[in-house]
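In the numbering used here, the protein residues as written are 4 to 157.
Please read the structure below before turning to the comments.
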């Protein structure tokens with residue numbers, strides 16, 4: 004297995020980077036869609052189930068199901084491929100552990116966003132546009148952790 008992974012190392016790394024970029028785009032955009040969803044309903048003075056609400060629900064579902072979920076799975080798959088490639092990760096250093104914390108944090112945030120989408124589906128969203136704006140910064144923190152850990156290898 005190690006020989007195969009070593010032979011395909013650059014492809015695995017490239018596919019991992021592409022997957023991460025796709026996943027991060029979704030992690031940044033879905034909370035912003037939630038902001039527009041909340042504020043769009045408020046501004047129009049309409050309730051759950053309106054045309055505006057259904058349009059946002061459709062966009063949110065497509066982003067989550069067609070882009071974010073596959074990108075997260077690919078990120079994990081190619082990332083684990085890199086972890087198991089001989090000589091890539093040294094677990095006696097801090098950087099891989101910091102990256103693990105960041106990736107698990109992004110995964111938990113992804114799941115939290117999926118839960119907020121379900122709240123919109125039920126017409127039970129309780130968060131404001133401001134709250135979603137603040138949550139929009141969470142993936143930035145995890146991204147910075149992962150990037151600095153991997154590049155600086157401390």
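Beta carbons: idealized from backbone N, C-alpha and C, even for Gly.
Since the structure is predicted, the reported quantities are computational estimates derived from the model, not experimental observations.
- Boundaries of the alpha helix (DSSP H) harbouring residue 115: 98-125, taken from the DSSP string.
- Taking C-alpha positions only, residue 92 is separated from residue 157 by approximately 12 angstroms.
- Distance between residue 152 and residue 56, taken at the CA atoms: about 40 angstroms.
- With the rule of 3 Cβ pairs closer than 8 angstroms, the region 66-76 counts as touching the region 21-32.
- Cα atoms of residue 89 and residue 67: separation of roughly 33 angstroms, rounded to the nearest angstrom.
- Counted as a single uninterrupted DSSP element, the stretch harbouring residue 52 is not any alpha helix (DSSP H), since DSSP gives it neither H nor E.
- Closest option to residue 143, judged by alpha-carbon separation, among 16, 103 and 31: 31.
- Each residue's CA atom was taken as its position, placing residue 87 and residue 8 some 7 angstroms apart.
- Of all alpha-carbon atoms in 85, 29 and 36, the one lying nearest the alpha-carbon of residue 10 is that of 85.
- Taking every protein chain shown into account, the CB of residue 106 has 16 or more other CB atoms within 10 angstroms, so this residue is buried.
- Taking C-alpha positions only, residue 59 is separated from residue 78 by approximately 26 angstroms.
- Going by C-alpha positions, residue 63 is about 34 angstroms away from residue 98.
- In this structure, 146 is the residue among 46, 53, 36 and 146 with its C-alpha nearest to the C-alpha of residue 110.
- For residue 79, the enclosing alpha helix (DSSP H) begins and ends at 72-86.
- The Cβ atoms of residue 38 and residue 136 lie closer than 7 angstroms to each other.
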